[in-house]
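Note sheet for the following structure.
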Amino acid sequence: HPQLQQRELRAWCDNEGVQVVAYSPLGTGTLLVDPVIGQIAAKCQKTPAQVLVRWALQLGVSVIPKSVTKERIVSNLDVFDFNLDKEDMDIIDSLDINHHFCWNATEII
C-alpha cells in the first residue's frame, strides 16, 4: 500500500524474478478515507479502492484486495479501464511513511 512501499524489496524481487503480491493493499480499509486518495478517486471517477488497486498494478504488483461483499469484489476488479497519470502516481508515491497496518515481519525474530 502507499504508506509502506518497500521500494528496495520490490526492486530486489523484480531483479530476482519474484512476483510481489500486495498484502493489505487497502491499508485494512484506512486508506479508503485518505483525503489524497479521495481526491484522485474523484478526479478519475473511481472509488478509492479502485485507485489503490490500480496504483499497485501500475507498479507491477499483484493485488488481491479483501472483501466480503460481492459488490465490492466486483468493483475492486473494475480497474482496467483507466490509468493513473504520472502526476497521480507521484502523489500516491509521496504517501510512503513506512507504516505497517498489520504485522511487521522485522519484529518477529
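1 is the number of the first residue of the sequence shown in our numbering; add one for each residue after it. Note that beta-carbon positions come from the ideal geometry of N, C-alpha and C, so glycine has one too. These figures come from a predicted structure and were not determined experimentally.
For the set Q50, E16 and P35, the Cα lying nearest the Cα of L95 is the one of P35.
Residue pairing by DSSP places S62 opposite V21 in a beta bridge. Distance between V53 and E16, taken at the CA atoms: about 24 angstroms. Considering only G29, F82, D90 and K43, the residue with the shortest C-alpha distance to V68 is G29. One thing to note: Q6 has its Cβ no nearer than 7 angstroms to the Cβ of S62. For P35, the uninterrupted alpha helix (DSSP H) segment begins and ends at P35 to C44. Straight across, the Cα-Cα distance linking L59 with V51 is about 12 angstroms. Around I91, the same chain offers V36 and I40 as residues with beta carbons nearer than 8 angstroms, after the five sequence neighbours per side are excluded.
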